[in-house]
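In this note's numbering, the protein residues as written are 7 to 260. Written out below as structure tokens is the structure these notes cover.
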């Protein structure tokens, strides 16, 4: 076979390889789409939306971003949560309006027995962990079961807390170092492989440094939220578009 005879054969082989790669890419994309909603992130239920709903959706299709810090309060009473937070100049509003207002809080409508509170007005454990502790304790005395989640995608500062009837059941927060570690580690934390360092403790891994371990922790905070209550990243965009919450100025924390 001459060189001239080989050229068409090589071109055909290259063309077939390109077609095969394209088909493989399409199959891979379809598999990713089928796996977008994981059991930890999705909440399934009826298609119809009411005042309180269940939903199933990929966070990739939601048009809003997961907040860096949020509360989950076990309640169906929006007015009671508003009163407990002592919001000033409280007004009904859409999600986009409530989340775009600087230094305000947005109280979302009830979802599956939980009310989420978001906004830059929430106390950040990384800024003042004592203030955050006092806030959660007093709020829990008023509304019962309160959870806080923090996961900063840039600094990887993160934390979670569960407070019931004014008592800390579990809390952990890291902001360059462990600043809060209280209560027994929960099964959900262990199952997700969350690393909770003690006060003054560095990375126990010979391979991973502390910053790498904590970055992995921060990525798993929404999954922990899904186990404990709700993952805000999994909220159906249709529900967000159709429902309204309440926004207002936060009172001076208790």
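From the three backbone atoms N, C-alpha and C, an ideal C-beta is built for every residue, glycine too.
In this chain, the alpha helix (DSSP H) harbouring residue 106 covers 101-106. Here the alpha carbons of residue 247 and residue 178 stand approximately 33 Å from one another. The alpha-carbon separation between residue 168 and residue 224 amounts to approximately 17 Å. The continuous beta strand (DSSP E) containing residue 75 extends over residues 75-80. The alpha-carbon of residue 152 is positioned some 54 Å away from that of residue 25. Taking the Cα of residue 220 as reference, the smallest distance to any Cα among 252, 156, 233 is reached at 156. Here residue 229 is actually not in contact with residue 120; their C-beta atoms are around 16 Å apart, not less than 8 Å.
As DSSP reads the structure, residue 179 sits in a beta bridge with 165, 186. The alpha-carbon separation between residue 141 and residue 208 amounts to approximately 29 Å. In the DSSP assignment, residue 156 falls within the unbroken beta strand (DSSP E) covering 151-157.
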